[in-house]
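These protein sequence lines map, in sequence, to chains A and B. The first sequence: position 157 = 157 (the working numbering), numbered continuously. The second sequence: position 268 = 557 (the working numbering), numbered continuously. Here a beta-carbon is modelled for each residue, glycine too, at the ideal position from N, C-alpha and C. Keep in mind it's a predicted model, so treat the numbers as computed, not measured. This report concerns only the one structure given below.
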Amino acid sequence: MEAPSTVEQIAKVVAVVVVCFLVIYPFVNIIATSLSSEAEIVANGGVISLFPTRPTLDAYQAIFAGGVVSRAMLVSFGVTVVGTACNMLATITLAYALSRPIVAGRPILMMVLLTMLFGSGIIPNFLLVNALGLYNTYAALILPGLISAFNFLVMRNFFMNLPQELFEAARIDGAGDLRILLQLVLPLSKAVLAVITLFYAVAQWNAFFSSLLYLQDTSKWPLPMVLRLYVLQGQPVGIDSAAVAGEALPSIQAVQMAVVVVSVVPILCVYPFLQRYFTKGVLTGAIKG
Amino acid sequence: MATASQAPAPELHRPSLRTRLRRDKVMLLLAVPGVLFFVVFHYVPLLGNVIAFKDYQAWLGFVDSPWVGFDNFAILAEPAFLRSLFNTLKFAVLQLVFSFPAPIVLALLISSIMRPGVRRFVQSVVYLPHFMGWVIVVSLCQQLLGGTGVLAHLTGALGLPRIDLMTNPDTYPLLIILQGVWKDSGWGTIIFLAALLSIDGEQYEAAAIDGAGRWRRLVHVTLPGLVPVILLLLILNLGTILSVGFEQFILQRDSVGAPAGEVLDTYVYFNGIVDGQWGPSTVVGLVKGVVGLLLILGANKLAHLFGQDGIYR
């Protein structure tokens with residue numbers, strides 16, 4: 001095939017660079033703003049375009065000095081770790097159980113798939129969580145979304161494509177179903193486990209809707225709720241003024257962006273280790289079925 | 290979603306139920322938590338929809354609240370409901386027209402990058418926004434497109450009026466589309482890239498030998514190769530046409546006002562959970578669910594008529 005013309009080649013490079021810039025720039029901007037001093041933000045009319053001339057960590061000191069943001073971060077970490085563990089446990093057991101033709105396997109699978117076609121609505125879900133006594137508890141953030149049907153399908157599909165002869169051989173050697181799961185299936189499924197863990201963990205970390213619905217006490221709020229309160233609703237950030245007394249108060253805008261940065265950084269930290277799996281057909285396999 | 294079917298093993302002597310129960314004992318036990326979850330959190334709330342036909346009172350509960358027949362359905366004629374329905378359809382159509390093709394174009398761009406290293410880097414970059422929650426995305430937009438943001442600064446510096454996209458009801462649809470494209474068009478490329486890979490290379494060679502240039506190969510080989518995937522995704526999108534995305538809209542509804550920003554999901558939330566109109570709001574949710582289901586079934590039928598598999602057979 002002929003090589004693309006120079007004009008096409010240049011247009012392509014420009015397009016790729018623009019796309020990457022549009023994705024990356026917002027992150028650069030919030031990090032730069034969070035590191036800026038009040039004076040510099042005011043001098044620039046509110047905009048730090050690339051990097052502050054004299055970076056300062058005042059904003060981070062302010063939000064980590066205790067108070068609302070630190071607590072919200074702890075809550076988010078806790079809910080993410082416990083929630084993801086519960087998600088994975090329930091999804092793995094169900095996906096493994098239905099990865100082989102077992103008694104009642106078909107109706108159970110149908111039951112799961114049907115939930116993808118029909119949602120039961122916000123109000124009945126809300127009333128159910130209330131009726132179960134989960135309102136205003138962290139369990140309300142975890143239990144109603146325990147298994148994602150999509151994640152379940154991806155995992156089940158992966159399990160079904162593992163070499164079944166291996167399991168037959170193990171069974172003949174006297175291994176039970178549970179041992180096959182723990183010693184053969186899971187070690188062979190690292191890729192799919194990594195991807196699904198990332199999906200669940202990110203969903204828990206970003207969980208906003210469930211906190212809005214079910215958490216009444218502001219003291220129980222996870223990070224996204226606090227982020228919304230400070231950045232989007234413009235509430236002054238609850239800074240323990242005693243902790244920063246004597247120093248100039250950091251810029252409000254810098255503090256707001258610091259809260260955004262601490263919400264983003266944990267995702268940025270796990271993403272590079274897990275993203276290489278996305279291209280390995282782990283996901284598309286399930287869709288093509 | 291098509292799933293690999295468990296073909297029934299051709300067993301000559303099918304073991305008795307009791308034998309199979311004993312054989313699958315552990316597997317069934319492992320399935321219990323998952324089955325319980327789907328029953329309790331998906332099927333029980335489905336039954337909870339009965340309060341669409343009741344005057345639900347919290348202290349009476351599901352069972353004892355009085356039946357009111359179809360009284361709650363009067364909400365379907367209220368202007369506030371109709372407005373939110375109209376907005377929902379408007380955003381859904383805009384998303385279909387603008388957000389749906391974006392990943393296809395991006396996938397074509399990515400697949401045309403020849404160096405594997407560069408391609409992988411670009412993929413890693415464009416997938417990233419998918420993992421940002423809506424609160425983060427809206428916060429980023431506030432910083433870039435809001436009243437004190439970069440865009441306002443730039444337009445101000447050029448002597449134009451300072452643009453604030455975050456609180457302007459007239460440009461709200463544009464904002465919604467921009468956010469959606471930024472967040473998810475990169476992630477959306479995954480399925481199209483896989484489809485592009487599965488197109489037979491010989492078809493390109495044959496077309497090239499027949500004298501088809503790059504554009505004609507795109508139109509006559511690449512795009513037809515993508516049709517099954519596009520149809521599949523269109524069907525799935527049709528089914529969720531009345532769910533344009535809860536978090537994105539509830540986060541921004543107040544800054545642009547209800548007339549421009551209310552969609553069905555936010556309407557159910559504010560009318561039901563905030564104002565306590567349980568019955569009527571459940572009606573809205575129920576109608577939305579039924580319409581979504583009918584749309585999926587209908588679209589799937591349509592795909593079969595076009596000779597495509599759709600999401601199931």
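Checklist entry - Nearest-angstrom Cα distance between A:Gln127 and B:Val329? => result It should be noted that the sequence gives Leu, not Gln, for residue 127 of chain A. The straight-line gap from Cα to Cα measures roughly 12 Å.
Next on the checklist: Whole angstroms are fine: how far does the CA of A:Leu213 sit from the CA of A:Thr91?
Outcome noted: Whole-angstrom Cα-Cα distance: 24 Å.
Checklist entry - Just how far apart, CA to CA, sit A:Arg156 and A:Pro250? => result Each residue's Cα considered, the two are about 51 Å apart.
Checklist entry - Which chain A residues sit within Cβ distance under 8 Å of B:Trp423? => result Asn206, Phe208, listed in chain order.
Item to check | Residues of the segment 146-172 of chain A whose Cβ lies closer than 9 Å to any Cβ of chain B, in chain order | outcome: Residues Leu146, Ile147, Ala149, Phe150, Phe152, Leu153, Arg156, Asn157, Met160, Asn161.
Next on the checklist: So B:Gln431 contacts chain A; which residues on that side make the cut at Cβ distance below 7 Å?
Outcome noted: Those are Val231, Leu232, listed as they occur along chain A.
Item to check | Continuous alpha helix (DSSP H) assignments of at least 4 residues falling wholly in the segment 406-461 of chain B | outcome: Qualifying alpha helix (DSSP H) stretches, in chain order: 423-434, 439-446.
Checklist entry - Taking the alpha carbon of B:Gly337 as the point to measure from, which residue in A:Thr93, A:Ala131, A:Leu162, A:Ala169 has its own alpha carbon closest? => result Of A:Thr93, A:Ala131, A:Leu162, A:Ala169, the residue nearest in Cα terms is A:Ala131.
Next on the checklist: Please return the same chain residues whose Cβ sits closer than 8 Å to the Cβ of B:Ile519, not counting the five positions on each side in sequence.
Outcome noted: Taken in chain order, the residues that qualify are Ile393.
Next on the checklist: Am I right that B:Val415 and A:Val18 are in contact with their C-beta atoms under 8 Å? What's the rounded C-beta distance?
Outcome noted: The C-beta separation of B:Val415 from A:Val18 comes to about 12 Å, leaving the pair out of contact by the 8 Å criterion.
Checklist entry - Which residue comes first and which comes last in the alpha helix (DSSP H) that contains B:Ile340? => result For B:Ile340, there is no enclosing alpha helix (DSSP H), as DSSP gives it neither H nor E.
Checklist entry - Would a check of beta-carbon distances place B:Glu491 closer than 7 Å to chain A? => result It does not; no Cβ of chain A falls within 7 Å.
Next on the checklist: Counting C-beta neighbours from all protein chains within 10 Å, is the total for B:Trp567 16 or more, i.e. buried, or is it exposed?
Outcome noted: Looking at its Cβ environment, which holds 16 or more other Cβ atoms inside 10 Å, B:Trp567 is buried.
Checklist entry - Could you check where the alpha helix (DSSP H) with A:Ser219 kicks off and where it finishes? => result For A:Ser219, there is no enclosing alpha helix (DSSP H), as DSSP marks it with neither H nor E.
Checklist entry - Which residue comes first and which comes last in the alpha helix (DSSP H) that contains B:Phe330? => result Here B:Phe330 belongs to no alpha helix (DSSP H), and DSSP marks it neither H nor E.
Item to check | Three-state secondary structure (DSSP) of B:Trp471 | outcome: Taken through DSSP and simplified to helix, strand or coil, B:Trp471 comes out as helix.
Item to check | Residues near A:Lys83 by beta carbon distance below 6 Å, same chain, minus five either side | outcome: A small correction: the amino acid at residue 83 of chain A is Gly; Lys does not occupy that position in the sequence shown. Close CB contacts of A:Gly83 within its chain, under the 6 Å cut and outside five residues either way in sequence, are with Ile142, Gln204 (chain order).
Checklist entry - Under 7 Å Cβ-Cβ, which residues of chain A neighbour B:Asn457? => result Neighbours of B:Asn457 on chain A: none; closest Cβ ~16 Å, over 7 Å.
Next on the checklist: Relative to the C-alpha of A:Arg71, which candidate in A:Asp217, A:Tyr277, A:Leu232 has its C-alpha closest?
Outcome noted: Here the closest residue by C-alpha is A:Asp217.
Checklist entry - Name the chain B residues whose beta carbon is nearer than 7 Å to that of A:Thr137? => result What A:Thr137 touches in chain B, judged by beta-carbon distance under 7 Å, is nothing: the nearest beta carbon there is about 15 Å away.
Checklist entry - Does DSSP put B:Trp348 in a helix, in a strand, or in coil? => result Of the three classes helix, strand and coil, the one that applies to B:Trp348 here is coil, per DSSP.
Checklist entry - Residues of chain A with a CB under 7 Å from the CB of B:Ser428: which are they? => result Here the neighbours are Leu227, Val231, Leu232, Val260.
Item to check | Interface flag, A:Cys86 vs chain E, CB-CB below 7 Å | outcome: This model lacks chain E altogether; the protein chains it does include are A and B.
Item to check | A:Ser339 versus A:Leu268, A:Val260, A:Lys220, A:Ala175, residue with shortest Cα-Cα distance | outcome: Here chain A has residues from 1 to 289 only, and residue 339 of chain A is not among them.
Checklist entry - Could one say the Cβ of B:Phe420 lies closer than 7 Å to chain A's Cβ atoms, at least one of them? => result Yes, B:Phe420 counts as interfacial toward chain A.
Checklist entry - Can you list, in chain order, the stretches of the alpha helix (DSSP H) that have 4 or more residues and sit fully within the segment 503-558 of chain B? => result Positions of the alpha helix (DSSP H) runs, each at least 4 residues long and wholly inside the segment 503-558 of chain B, are given as 503-506, 512-528, 535-545, 547-550, 553-557 in order along the chain.
Checklist entry - For A:Ser120 versus B:Leu454, is the C-beta spacing smaller than 7 Å? => result Cβ atoms of A:Ser120 and B:Leu454: not closer than 7 Å.
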